[in-house]
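Worksheet: the structure to be examined is printed underneath.
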Amino acid sequence: TLNAAALTDQATAEEELGLASNAGGDALIRRINMVSDLIARHCRRLLHYDAAQVDNLPGHGTPHLVLSRPPIKSTPANITVKYDGTAVAVTSGMDIKADAGILYRNAGWEWTAQVMADAARHPVPGTERGLWQVTYKGGWVTKRQKELDGALTVDLPDAIEAATLMLLTQVW
């Protein structure tokens, strides 16, 4: 079965490879899934849409949290934020840089570094823990996801699908 994360669909792949409809069978489906996974791994992130993405992120004391699955499709009202399990109000002073996958907060995101046991309790850089939990909608909608849920609109960049088809051609 073609994964929802597939970066092209069977019909487009068959057209690119000059195959008749369903001529590639399971071998083509496996290769589409494999190539899609290779591209996502090369990009070091999941590319397909998720309506309930959960990121556990470290805070660095800055006004930015970088989410793992841009573009962000949620509005601030549809994002759930927790700090160490406790809900944090998503209020004014919060902004979304959707394409970059950045959640901006005027008050900043508390630094989650461990602290030294000295009198000043200095934070130790590099020891940050993922205490900020953000639940949101993010990623690009693939053709396969559109097949599975007709209410979605495909917005995967053409360049990503083209790369998928180029690599698929090489492994076919």
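End of the sequence shown = 1205 in the working numbering, gap-free, step of one.
Positions of the beta carbon are idealized from the N, C-alpha and C atoms, including for glycine.
Every value quoted in this text rests on a predicted model; they were computed, and no experiment measured them.
Taking just the CA atoms, how far does E1048 sit from S1069? Each residue's Cα considered, the two are about 17 Å apart.
K1176 by DSSP, collapsed to three states: which one? In the structure shown, K1176 sits in a helix (DSSP, three-state: H, G or I).
Tell me the rounded alpha-carbon separation between T1186 and V1157. Their Cα atoms are separated by approximately 44 Å.
Measuring only the C-alpha atoms, how far is R1138 from H1097? CA-CA distance, R1138 to H1097, rounds to 7 Å.
The alpha helix (DSSP H) enclosing R1078, as first and last residue numbers: Going by DSSP, R1078 is part of no alpha helix (DSSP H) at all; its letter is neither H nor E.
Grab me the residues of I1135's own chain with a C-beta within less than 6 Å of its C-beta, minus the 5 sequence neighbours each way, in chain order. Within the same chain, and ignoring the five residues on either side of I1135 in sequence, the residues whose Cβ sits closer than 6 Å to its Cβ are H1097, V1099.
For the candidate residues T1108, L1052, N1055, whose alpha-carbon lies nearest to that of T1168? Closest option to T1168, Cα to Cα, is T1108.
Is it right to say D1042 is buried, meaning 16 or more other beta carbons lie within 10 angstroms of its own, or is it exposed? It is buried - the Cβ of D1042 has at least 16 other Cβ atoms within 10 Å.
Rounded to a whole number of angstroms, what is the C-alpha to C-alpha distance between P1091 and K1115? The alpha-carbon atoms of P1091 and K1115 are separated by roughly 12 Å.
Since A1073 contacts G1057 with CB under 8 Å, what's their CB separation in whole angstroms? The C-beta separation of A1073 from G1057 comes to about 21 Å, leaving the pair out of contact by the 8 Å criterion.
In angstroms with no decimal places, state the Cα-to-Cα distance between L1061 and A1120. Roughly 45 Å separates the two Cα atoms.
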